[in-house]
Every structure is written in structure tokens, then in C-alpha cells.
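Quick notes on the structure that follows.
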Amino acid sequence: MKTHILILTAVVAAALGSAQTVRPTPRTADGKPDLSGVWQPGSDKPGTWEEANQGVGVAEPGQRQVRKAEKPSYQAWAAAKVLDSFNKRAFDNPVARCIPQLDLGGNEGSLYPWQFVQTPDLIVILVESRHVFRLVPLNAKHPEDLDPSYLGDAVGRWDGDTLVVDVTGFKEITTGLNIHTDAMHVVERFTRVDYNTINYEATVEDPKALTKPWKVTSKLMLRPGTRLQEYVCEENNQDPAQMERLVKEGVTTRK
Amino acid sequence: MKSRLLMGFTAALLAAVPVLAHHSFGAEYDGNKPVTLTGVVTEVQWTNPHFYFFIDVKDAQGKVANWKFEGYPPTVLNRIGWKRGETMKPGDTITVFGWRARDGSNWAHSREVTFANTGKKLQSGPPAGNGDGGNTPPVAP
Numbered sequence: 040m041k042t043h044i045l046i047l048t049a050v051v052a053a054a055l056g057s058a059q060t061v062r063p064t065p066r067t068a069d070g071k072p073d074l075s076g077v078w079q080p081g082s083d084k085p086g087t088w089e090e091a092n093q094g095v096g097v098a099e100p101g102q103r104q105v106r107k108a109e110k111p112s113y114q115a116w117a118a119a120k121v122l123d124s125f126n127k128r129a130f131d132n133p134v135a136r137c138i139p140q141l142d143l144g145g146n147e148g149s150l151y152p153w154q155f156v157q158t159p160d161l162i163v164i165l166v167e168s169r170h171v172f173r174l175v176p177l178n179a180k181h182p183e184d185l186d187p188s189y190l191g192d193a194v195g196r197w198d199g200d201t202l203v204v205d206v207t208g209f210k211e212i213t214t215g216l217n218i219h220t221d222a223m224h225v226v227e228r229f230t231r232v233d234y235n236t237i238n239y240e241a242t243v244e245d246p247k248a249l250t251k252p253w254k255v256t257s258k259l260m261l262r263p264g265t266r267l268q269e270y271v272c273e274e275n276n277q278d279p280a281q282m283e284r285l286v287k288e289g290v291t292t293r294k
Numbered sequence: 011m012k013s014r015l016l017m018g019f020t021a022a023l024l025a026a027v028p029v030l031a032h033h034s035f036g037a038e039y040d041g042n043k044p045v046t047l048t049g050v051v052t053e054v055q056w057t058n059p060h061f062y063f064f065i066d067v068k069d070a071q072g073k074v075a076n077w078k079f080e081g082y083p084p085t086v087l088n089r090i091g092w093k094r095g096e097t098m099k100p101g102d103t104i105t106v107f108g109w110r111a112r113d114g115s116n117w118a119h120s121r122e123v124t125f126a127n128t129g130k131k132l133q134s135g136p137p138a139g140n141g142d143g144g145n146t147p148p149v150a151p
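So the sequence lines, in the order shown, correspond to chains B and F.
Under the working numbering, think of the first position of the first sequence as 40, with each following residue one higher.
Under the working numbering, think of the first position of the second sequence as 11, with each following residue one higher.
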């Protein structure tokens, strides 16, 4: 009897488990995939933040990375800039001055959640780190009077069940290890393949700085119960002063 | 201590892994210089973009030095079991593992804190990742 109960329990648990894995993509009233929710980029583990992350989910060195990015093929002038920054250990990374950058698929090591707010005409992506909001109007055109910005101007459209986001109008960034010109053009593709998972792809082209486009793939995992919090980067940012001093002392120069 | 040293050594071996542990971690800290220190907390700055805490560390001769440690921002700490004003307070004795700053001063980047009163361990900062700045420049050959 005891054995039967055990077997029955195992069968029910397995059925529940498989039901969980095939839980379908939710849809909005207009039939589109519903991307609403709080997501952790750069992860492939389902569950709450606590369940999915040992600590906070930053991969230890040598661990498998969910986010995979090609190395950009820079034109000579751009490669020289990146190598110069590399040889100074990226002390000039704009992020250290609280400057936001377009985070393609969770480049920040999955530390910070994103939240999607979806309406039929507009999708808003909120990013906790550095208080970024991204507005993605659907079936709209980029404005003609674009003022270049750090995160660029985004417009979206549905390609079947995939949200395609076209981003242009970037400010030129020529310090640090991730440089680009105002000609950068990014196309991101978000596909909610099941209840827990959004597959992410991005293609980056920049005819003024690159010799060919480069690609990123990643995943976003739904994080029930996680809420975005305030993150005011300017509050106590000691890095610029520290780095200025270290550069003067010559300790950041790669030997 | 041995496992800590080993961890630091492993981090150094795998330094080319493209983890953005801390913006420009390698400019300020040296992933090849792991450090483990025990001391008494003197101050906690629960602030963005990083939290800082300070501990008094006594050497074998009884001489006290104040060390500064950097770690995750409060938003991240809140998600991994820390509570402002409760988890770490001035007067608490803690053991910290991290990596030293490049300038050789009493300053380091923290990875894990062990609390003497409970024995509990909590992560306090990211892994060194490309701790020495990485061995490979992020440019396609």
C-alpha cells in the first residue's frame, strides 16, 4: 500500500512537473503574446529569484553563460580606441559615471530585473539598474527630429509571436570597452516561448565603427514576486574620483 | 583560508571569462590578490551604486587598522537576504573575503561576509570575473 502511494505520488508529481514545463505563453485580448511581468535577463532557470539564483545569479568564472555575445569586429580606428581602454583597465568606462547603456540581453550579469508593461500600442521596459525606462511604441516610425540619446529611440512591431524592436538615434560613445558611433542600429527580438521564458536576440550594426554586424543571444526568465526597486546611481558614486586618483598613480596601466 | 586562496587562484586562471563583475573592476581591484580579514564593523554606507563598509582589523601585535570594503548596491543585497540596519551593524564581528585594491591601501572589493554571532554567510559582492581586467581584449581578431 505504502509503495502504491509512493508510486502514485511520483506519477502526480511528474505530471505536475511536465504541466509546469509546457505551461503556455499567456496572450493579451488582441491575441499577442503577453510579455508583462518582471524578468531576469541572462538566466535560463525558472522560479522565483531566490529559487533560481545561488546568491544572485552572477556566474562564477568558468560557469556557463546564458548570454552569448560575439566580439565586435571593429574598424581600425575603433579597435585602437578599445585596446587603449583595455590597456588602462577600462578606467574610462562611462558606466562608472552612472551613464546608462543599452543592456543587450543582460550584460550586467543578471543582477538587475527588468519589468515589461504592455498595452496594445506601447510596450514599456523598466530596468532597475540606473533607473532606465525604454518606451517602445508599436507600429510607429522613428521621429525625424531625433536628438541622439544613450539608449536610442525604439519602435516595435509584432512579427508573428516575436516582438521586434528597432533602435536608432544613439549618442556616440568612444570611451570604455563598448564603443559605438551615432550610426549604431540595433534590432532586438523578444519571443516569449513559454510561460517562464523569453528568448532574446539582438543584432548590432554600426557602419562607422564596425566591419560587420555582431549578435547577442540570451534568455529572460519570469521572476514571480520580484519587484523593481529604486536605484539612484548618483547617490554615493565614489568610482570616478577613485579612478582619477588611480590613473594619476599609474596603477591602472596594464604592464 | 586555503580554499579562499584557491578560489582566488581559480578566478585568476579563468580571468578571460567575460563577466562584467563590477564596472571596471580591474581598474580599481586586483583579482589576483584575494584577501580574507576578520574585524569589527565601524561603519556601513547603505548606498547606490555600491554599499561600503569599514572594519577595524587587529594584527598580531594588537595594532588596529581600518579597512574599507565595497559591495553590491542595496537593491541587490535586499534580494539575497540582507536587511538594512539589521544584517550588519557597527560593533559586529565579521570575516570578509574579497580582492585588494590595486593601490595597496586598506581597501578591497568584498565577495562574501561571515557573521561571527550566527556563523551565517552572505554574498556581499560579485565574483571577480575578469578581475584583472581580462586577458583578452573585447575585439574580434
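Using N, Cα and C, we set each Cβ at its ideal position, and we do this for glycine too.
Flag residue i as yes if its beta-carbon sits less than 7 Å from any beta-carbon of chain F, otherwise no.
| i | result |
| --- | --- |
| B/K110 | yes |
| B/R136 | no |
| B/W88 | yes |
| B/L249 | no |
| B/V105 | no |
| B/V243 | no |
| B/N178 | no |
At least one CB of chain B closer than 7 Å to the CB of residue i: is that the case?
| i | result |
| --- | --- |
| F/S134 | no |
| F/V45 | no |
| F/N10 | Residue 10 of chain F lies beyond the range of chain F shown here (11 to 151); nothing can be said about it. |
| F/T105 | no |
| F/S115 | no |
For residue i versus residue j, is the C-beta distance shorter than 7 Å?
| i | j | result |
| --- | --- | --- |
| B/K247 | B/A222 | yes |
| B/V194 | B/V225 | no |
| F/E38 | B/Q277 | no |
| B/Y234 | B/R62 | yes |
What are the start and end residues of the alpha helix (DSSP H) that includes residue i?
| i | result |
| --- | --- |
| B/R228 | No alpha helix (DSSP H) contains B/R228, which is instead part of the beta strand (DSSP E) from H224 to R231. |
| B/R288 | In the sequence on display, residue 288 of chain B carries Glu and not Arg. Residues D278 to E288. |
| B/R136 | Careful: B/R136 lies outside any alpha helix (DSSP H) and carries neither H nor E. |
| F/N88 | P84 to R89 |
| B/E90 | W88 to A91 |
Run down chain F in chain order and give the residues with a C-beta less than 7 Å from the C-beta of residue i.
| i | result |
| --- | --- |
| B/A118 | V149 |
| B/E274 | T57 and N58 |
Using 10 angstroms around the beta-carbon of residue i, count the other beta-carbons present and answer buried if the total reaches 16, otherwise exposed.
| i | result |
| --- | --- |
| F/G95 | exposed |
| F/S134 | buried |
| F/A31 | At F/A31 the pLDDT is 49, less than 50, meaning the model places this residue with poor confidence and gives no usable figure here. |
| F/P136 | buried |
| F/T146 | exposed |
| B/A129 | buried |
Which first and last residues belong to the beta strand (DSSP E) in which residue i is found?
| i | result |
| --- | --- |
| B/D123 | Note, B/D123: premise wrong, no beta strand (DSSP E); alpha helix (DSSP H) at A115 to N126. |
| B/V203 | T201 to T207 |
| B/T236 | T236 to E244 |
| F/E122 | W117 to F125 |
| B/E211 | Segment: none, B/E211 is in no beta strand (DSSP E) and carries neither H nor E. |
| F/L47 | Y39 to Q55 |
| B/K251 | L249 to K251 |
Report the neighbours of residue i on chain B: residues whose CB is nearer than 9 Å to its CB, in chain order.
| i | result |
| --- | --- |
| F/A118 | Going along chain B, no residue has its Cβ under 9 Å from F/A118, so there is no contact; the nearest lies around 13 Å. |
| F/R112 | R128, L285, E288, V290 and T291 |
For residue i, which residues in chain B fall below 8 Å Cβ to Cβ?
| i | result |
| --- | --- |
| F/E53 | Within chain B, no residue comes near F/E53; the closest Cβ sits about 12 Å away, beyond 8 Å. |
So with CB distances below 8 Å, who are the chain F contacts of residue i?
| i | result |
| --- | --- |
| B/Y113 | V149 and A150 |
| B/L268 | It should be pointed out that residue 268 of chain B corresponds to Gln in this sequence rather than to Leu. Ordered by position in chain F, the residues that pass the 8 Å Cβ test against B/Q268 are P84, T85 and N88. |
| B/Q281 | E38 |
| B/E167 | T85 |
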